[in-house]
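Student: Residue numbers (the numbering used here): 16 to 328.
Glycine included, each C-beta is placed from N, C-alpha and C at the ideal position.
A quick note: this is a predicted structure, and the numbers were derived from the prediction, not measured.
Just dropping this structure here.
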């Protein structure tokens with residue numbers, strides 16, 4: 016069976032590696048064009064392109080697909096039996112979906128129909144969900160609306176970050192994908208329509224990263240988890256931007272109930288940094304000062320003075 020693989024980030028790379036090392040013929044790899052990144056804004060290849068280069072696979076990097084007849088003709092010439100899409104980043108038009116005789120399948124990191132959209136892992140963490148999963152599905156013209164082939168549900172640890180869950184689901188998704196591809200190769204076709212009720216997982220906004228200390232302590236902790244490592248969360252202290260990367264929730268003691276939210280309750284290199292939320296205390300575990308590196312709160316407080324009673328904005 017000839018497979019055309021479409022993907023971009025490191026989440027996709029693990030699935031490509033699983034298919035390649037299982038002996039399937041990868042007739043081509045489609046990924047997004049190189050993008051400028053870093054301080055020098057040099058063009059950087061996607062993790063999937065890097066892998067394809069290592070293995071000597073044929074690479075395509077179209078800017079668009081919907082009105083790109085040259086690209087679609089090139090794919091038709093490859094005559095792929097199956098197209099596998101893993102976090103490619105572009106919705107595929109009907110004219111492309113018709114190319115492979117066995118269809119186009121997708122690895123989606125949620126238990127569809129929950130969290131259709133571009134940020135399902137992040138929203139599962141942001142919303143404080145206790146579980147999520149991976150769905151292998153057929154693609155149609157809609158956004159993550161195709162028939163389901165197979166799903167696997169997993170628990171989310173209450174301290175797990177988006178980055179940690181991302182890595183875990185990448186591995187789980189690659190294994191589940193291979194199982195489904197093996198079945199398709201054997202002529203075993205499984206599919207069932209999605210329920211009509213669904214929830215969306217839209218793109219994240221940069222404005223989300225500022226902590227609102229008037230929110231509940233668990234909401235703040237989930238925000239910190241959910242935006243780690245994508246952008247991180249921050250708050251202002253004495254007009255300086257302080258990023259918080261990890262935190263725990265502690266119960267609010269009676270003596271602190273009347274304190275203003277955002278107030279520093281404890282700032283001690285041995286004990287830690289406690290900040291008041293609306294209904295509890297945020298104990299900061301990992302922090303990043305302005306123009307500085309991430310570090311443990313203990314190391315940070317050894318070199319940076321924060322006074323009890325100061326208020327994070």
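For residue 146, which residues in the same chain have their Cβ closer than 7 angstroms to its Cβ, ignoring the five residues on either side in sequence?
Tutor: Hits under 7 angstroms: 168, 169, 170 and 171.
Student: Identify whether residue 121 lies in helix, strand or coil by the three-state DSSP scheme.
Tutor: strand
Student: Can you grab the Cα-Cα spacing for the pair residue 137 / residue 56, in whole Å?
Tutor: 26 angstroms
Student: Below 8 angstroms, how does it come out for the segment 255 to 268 and the segment 150 to 170: are there three or more Cβ pairs, yes or no?
Tutor: no
Student: Kindly confirm or deny that the segment 54 to 73 and the segment 19 to 31 touch, where touching means at least three C-beta pairs closer than 8 angstroms.
Tutor: yes
Student: Would residue 289 pass as a contact of residue 300 if the rule is Cβ separation under 8 angstroms?
Tutor: No.
Student: Please give the ranges of any beta strand (DSSP E) in the segment 145 to 179, keeping only runs that are unbroken, at least 3 residues long and fully inside the region.
Tutor: 146 to 153 and 163 to 170
Student: Do residue 97 and residue 72 have their C-beta atoms closer together than 8 angstroms?
Tutor: If you check the CB distance, residue 97 and residue 72 do not come in under 8 angstroms.
Student: For residue 242, count neighbouring C-beta atoms within 10 Å of its own C-beta (all shown protein chains included) and say buried if the count is 16 or more, exposed if not.
Tutor: buried
Student: With DSSP run on the structure shown, which of helix, strand or coil describes residue 228?
Tutor: coil
Student: Are the segment 188 to 203 and the segment 148 to 157 touching, with three or more C-beta to C-beta distances below 8 angstroms?
Tutor: yes
Student: For residue 82, name the three-state secondary structure that DSSP assigns.
Tutor: coil
Student: Would you kindly check if the distance between the Cβ of residue 164 and the Cβ of residue 120 is under 8 angstroms?
Tutor: yes
Student: Leaving aside the five residues before and after residue 274 along the sequence, list all residues of the same chain whose C-beta is less than 6 angstroms from its C-beta, in chain order.
Tutor: These residues qualify, in order along the chain: 291.
Student: Along the chain, where does the beta strand (DSSP E) containing residue 399 start, and where does it finish?
Tutor: Residue 399 lies beyond the range of the chain shown here (16 to 328); nothing can be said about it.
Student: Does DSSP put residue 298 in a helix, in a strand, or in coil?
Tutor: strand
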